[in-house]
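> Using our numbering, the first residue of the sequence shown is number 17, and each one after it goes up by one.
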Amino acid sequence: MPIFRVQGNPTNPNVPTVGFADNFNRSDGPLGFTPVGLKPYIQLDAVPTSPGVVRVVSNRAQATSVGGFVYQVLECYESNGTLTATAAVVGNRQGGLAVRAKDANNLIRLALRLSAAGPTYTLQLVSTTVAQANLATSSVTSNNGDTIAIVMDGPSIKVIVNGTEIMSASTPHFVNETKHGMSFAQTDVAIDNLAFAAA
Numbered sequence: 017m018p019i020f021r022v023q024g025n026p027t028n029p030n031v032p033t034v035g036f037a038d039n040f041n042r043s044d045g046p047l048g049f050t051p052v053g054l055k056p057y058i059q060l061d062a063v064p065t066s067p068g069v070v071r072v073v074s075n076r077a078q079a080t081s082v083g084g085f086v087y088q089v090l091e092c093y094e095s096n097g098t099l100t101a102t103a104a105v106v107g108n109r110q111g112g113l114a115v116r117a118k119d120a121n122n123l124i125r126l127a128l129r130l131s132a133a134g135p136t137y138t139l140q141l142v143s144t145t146v147a148q149a150n151l152a153t154s155s156v157t158s159n160n161g162d163t164i165a166i167v168m169d170g171p172s173i174k175v176i177v178n179g180t181e182i183m184s185a186s187t188p189h190f191v192n193e194t195k196h197g198m199s200f201a202q203t204d205v206a207i208d209n210l211a212f213a214a215a
């Protein structure tokens with residue numbers, strides 16, 4: 017008989033778990049649940065007819081196929097807080113983190129590398145109601161092993177890399193959305209040590 021894990025607060029099952037942490041230190045395969053918080057990953061595909069595949073590969077999260085942007089997010093029940101991660105492999109195309117995701121076409125995305133020619137951090141607004149826009153850009157070059165934090169407080173969003181704030185923005189979009197996680201556009205980006213802590 018299979019054993020099922022129930023997500024939630026063990027002392028009060030009616031209170032959902034807010035934070036999570038995942039170091040991906042497990043066998044290669046589906047992402048499954050976070051080891052801390054026991055949250056299931058939720059896949060959002062920008063091209064639903066060509067869904068991507070994101071898996072644990074060598075103790076990191078990595079897309080093994082993409083048909084467009086694919087996001088792996090978690091329901092955190094809190095829009096304000098800090099999402100942290102390690103850029104295990106930056107790669108040559110866009111990939112990175114996603115916060116305040118409503119769906120695959122309405123969210124805020126941190127691109128670690130906007131293009132092969134521009135390996136810098138870019139905070140982007142992705143929306144079906146307004147044109148996609150860069151909320152903030154940085155001249156800081158993204159590198160393998162960078163530690164990244166996205167700090168959200170109401171409309172304010174700050175990006176901290178290796179302990180230094182590199183950019184900030186203010187946007188009213190998606191301030192009440194509570195799903196945060198990872199973004200992949202190609203198979204050469206890998207994320208490690210993903211975590212969220214509520215404000």
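Every residue gets a Cβ at the ideal spot worked out from N, C-alpha and C, and that includes glycine.
DSSP state of Ala165, grouped into three classes?
strand
> With a CB to CB cut of under 6 Å and the five nearest residues on each side skipped, what residues in its chain are close to Ser74?
The answer is none, since no qualifying residue turns up.
> Since Ala215 and Phe36 should fall inside the 8 Å C-beta cutoff, what is the C-beta to C-beta distance between them, to a whole number of angstroms?
The C-beta separation of Ala215 from Phe36 comes to about 15 Å, leaving the pair out of contact by the 8 Å criterion.
> Applying the criterion that 16 or more other CB atoms from any shown protein chain within 10 Å of the CB defines a buried residue, is Gly97 buried or exposed?
buried
> Between which two residues does the beta strand (DSSP E) holding His16 run?
The requested residue 16 does not occur in the structure, where the chain is confined to residues 17 to 215.
> For Glu181, is the classification buried or exposed, using 16 other Cβ atoms within 10 angstroms of its Cβ as the cut-off for buried?
exposed
> In angstroms with no decimal places, state the Cα-to-Cα distance between Asn122 and Leu141.
8 Å
> So, helix, strand or coil for Glu94, using DSSP?
coil
> Report all residues from its chain with a CB closer than 8 Å to the CB of Gln202; omit the five preceding and five following residues, and keep chain order.
Ala79, Val82, Gly107, Asn108, Arg109, Gln110, Gly111
> Relative to the alpha-carbon of Pro64, which residue among Tyr137, Asn178, Ala120 has its alpha-carbon at the smallest distance?
Ala120
> DSSP state of Gln23, grouped into three classes?
Confidence at Gln23 is low in this model, with a pLDDT of 45, below 50, so the placement of that residue is unreliable and no value is reported for it.
> Using alpha carbons as the reference points, say which of Thr144, Val34, Ser186 lies closest to Leu99.
Val34
> Would you kindly work out how many angstroms separate the C-alpha atoms of Val69 and Pro188, rounded to a whole number?
31 Å
> Let me check one thing: in DSSP terms, what residues is Phe49 bridge-paired to?
Pro56
> Using the beta-carbon count (16 or more within 10 Å), is Asn208 buried or exposed?
Note on residue identity: the sequence assigns Asp, not Asn, to residue 208. Classification for Asp208: buried.
> Is it right to say Gly134 is buried, meaning 16 or more other beta carbons lie within 10 angstroms of its own, or is it exposed?
exposed
> How far does the beta strand (DSSP E) with Gln140 in it extend, from its first residue to its last?
136-142
> Helix, strand or coil: which one does DSSP assign to Ala62?
DSSP, read as helix, strand or coil, puts Ala62 in coil.
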